[in-house]
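Take the sequence shown: its letter number 290 is residue 290 in our numbering, and every next letter is one higher.
A virtual CB, placed ideally from N, CA and C, is assigned to each residue, including glycine.
Notes to accompany the following structure.
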Amino acid sequence: MLTIKAEILKTKQKVDNTYNLKIRLTYNREVRRLATHIFVRTEDLTKGFKLKNPKYIKEADRLVRYYQELCTSLPLESSKLTISDILDYIQKEKEKNTPIDFLQFCNEWLETTKVKGKVNYKSALNTFKTFLGKDKLNTSQVTKLLMMEFMDYLQKKRAKHVAELQKKGKRIPSNRMVSLYMGSIRHLFYEAKKKYNDYDRNVIRIPNSPFENLEIPKQEATRKRAVSPELIKKIWEIPYIINANGRERLCPFNLAKDCFILSFCLIGMNSADLYNCTELEEDSITYYRTKTADRRLDKAKMRVDVLPILLPLIKKYEDYTHQKVFCFYHLYSTYKNFNRAINLGLKQIGKILKVDDLEYYAARHSWATIAVNKVGIDKYTVHAALNHIDEAMKVTDIYIERDFKIENEANKKVVEYVFGNQGELSSPEVE
């Protein structure tokens, strides 16, 4: 038989002269004691160390009833439970009944977890908090209905933004925000379940599944950003902006013109990689793609031959300290600022060439499109040249050491298709 009672241990006086009220459990002549939040002084006790203060008597009785109710479903008479089993059961039940602040968990998870796209998670969480109008939300309150209301909130917010862009005659973005934010909150909720649900001990503190059978809009197909070979040639040929002294100006326009050509002729090399790359040997740049390096066993290694057309630009932007291939990091404090300057310059170039929304990433899209549609390069080679992973070949790739020969042969054909077989092209004259 299990007996539960409150008691004060005369020998356990604290340094501040208080005593902690214990809940004593006795089962099969074994005794365990649980600490409580109640601390009393000598004046609250009788000479026999029993409670005499009505306030503490009432609270002690409440705690005894609480533990008695917790244990009512235990098969005490017919099983071979031990006192340790009973304590474990009590602990599990207490955990189940302890509310979890989902928003607090999200904040802590984002602070302590290294995850790609953390900025997107934070944006999604901040938008979710704005929608809720509060900073606390128990996991039990995260319901399918709530998430449907949040999704409706996001769609209305997007619709308002689209209407404003239409009035201004600007490009309409995809529905990426809706799918990205909903997916981010879903992932955070699954992480909370992973942390707080102990399936081995049958401690399920988050039983609800609000995203089950909830249809989140799929992200619309990526906008095709490829531009024509003729436009790439025009970007190459467009004159630089110059100062009054006749020297080329250091400005986003000139930077964008050069970096777009660099990217295109280096198989769509990202701005982050132009900014970070450190290896240039025997007219080949070796780099590790910033976007995916930490997710791949090969560190997303890529080696691109520097074709003759690029030699003037390589020399122009050479890092005089030889710490990196290019000097961009001397001009811009972060690669994000560098990328921002490029896209600012491309918008200026786009206005002159009458091209809406000309972006740096168009160089990468254009290389792939021209390679397949104009030059006849097979998609598998293009896939490899863009340094993507083929999931079907993931295991095989472990055994193969890439020499990048096929990718560079493809690049030579693409560049020659656009610029012609002219060897080293000189930079267009400054005007």
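- Counting the other CB atoms within 10 Å of its CB gives Ile352 a total below 16, which places it among the exposed residues.
- Under the three-state reduction of DSSP output, Met182 falls in the helix class.
- Secondary structure remark: continuous alpha helix (DSSP H) runs of at least 4 residues inside the region 110–144, in chain order: 118–132.
- Following the DSSP letters along the chain, one finds Thr46 in no beta strand (DSSP E), marked with neither H nor E.
- Tyr360 places its beta carbon less than 8 Å from that of Asn339.
- Taking a cut-off of 8 Å for Cβ pairs, the region 239–246 and the region 128–137 do not touch, as fewer than three such pairs fall below it.
- Two segments are said to touch when three or more pairs of C-beta atoms, one from each, lie closer than 8 Å; by this definition the region 16–31 touches the region 71–84.
- For Leu255, the CB contacts under 7 Å within the same chain, skipping 5 residues up- and downstream, are Ala341, Ile342 and Gly345 in chain order.
- Within the model, the alpha-carbon separation for Tyr288 versus Cys277 is close to 8 Å.
- Residue environment analysis places Ala163 among the exposed positions, since fewer than 16 neighbouring C-beta atoms fall within 10 angstroms of its C-beta.
- Residue burial annotation: Phe328 is buried, with at least 16 other C-beta atoms found within 10 angstroms of its C-beta.
- If the five residues before and after Arg364 are omitted, its C-beta is found closer than 6 Å to the C-beta atoms of Gly268, all from its own chain and listed in chain order.
- Beta-bridge partners of Tyr287 (DSSP): Met302.
- Of the candidates Asp305, Met1, Thr42 and Lys336, the residue whose Cα lies closest to the Cα of Asp403 is Asp305.
- Each residue's CA atom was taken as its position, placing Leu266 and Met151 some 41 Å apart.
- Taking Asp356 as reference, the option from Thr139, Ala226 and Leu145 with the minimal CA-CA separation is Ala226.
- Annotated as proximal: Ile216 and Gly183, with beta-carbon spacing under 8 Å.
- CA-CA distance, Asn53 to Asp101, rounds to 35 Å.
- In the three-state reduction of the DSSP assignment, Thr381 falls in the helix class, which pools H, G and I.
- Taking the Cα positions, Leu214 is about 45 Å away from Asp61.
- Under the three-state reduction of DSSP, Asp101 is assigned to strand.
- In chain order, Arg24 and Val64 place their CB closer than 7 Å to the CB of Lys5, counting only its own chain and leaving out the 5 sequence neighbours on each side.
- Its Cα nearest to that of Phe419, the residue Ile232 stands out among Lys194, Ile38 and Ile232.
- Annotation for Tyr196: Ile100, Arg205 and Ile206 place their beta carbon closer than 7 Å to its own, counting only its chain and skipping 5 residues before and after.
- Residue pairing by DSSP puts Tyr27 in a beta bridge opposite Glu30.
- Looking at the DSSP output, Phe326 sits in a beta bridge with Glu318.
- Collapsing the DSSP output to three states places Leu250 in coil.
- A straight line joining the alpha-carbon of Leu2 with that of Glu69 spans about 12 Å.
- Thr130 has its alpha-carbon roughly 14 Å from the corresponding atom of Met147.
- Restricting attention to Ala35, Tyr19 and Thr72, the CA atom closest to the CA of Phe49 is found in Tyr19.
- Residue environment analysis places Phe260 among the buried positions, since at least 16 neighbouring C-beta atoms fall within 10 angstroms of its C-beta.
- DSSP places Lys234 within a helical segment (H, G or I) once states are collapsed to three.
- Counting other Cβ atoms within 10 Å of its Cβ, Lys118 stays below 16 and is therefore classed as exposed.
- Taking C-alpha positions only, Ser271 is separated from Pro312 by approximately 19 Å.
- In the three-state scheme derived from DSSP, where H, G and I count as helix and E and B as strand, Tyr19 is classed as strand.
- Here the C-alpha atom of Ile57 lies approximately 38 Å from the C-alpha atom of Ala192.
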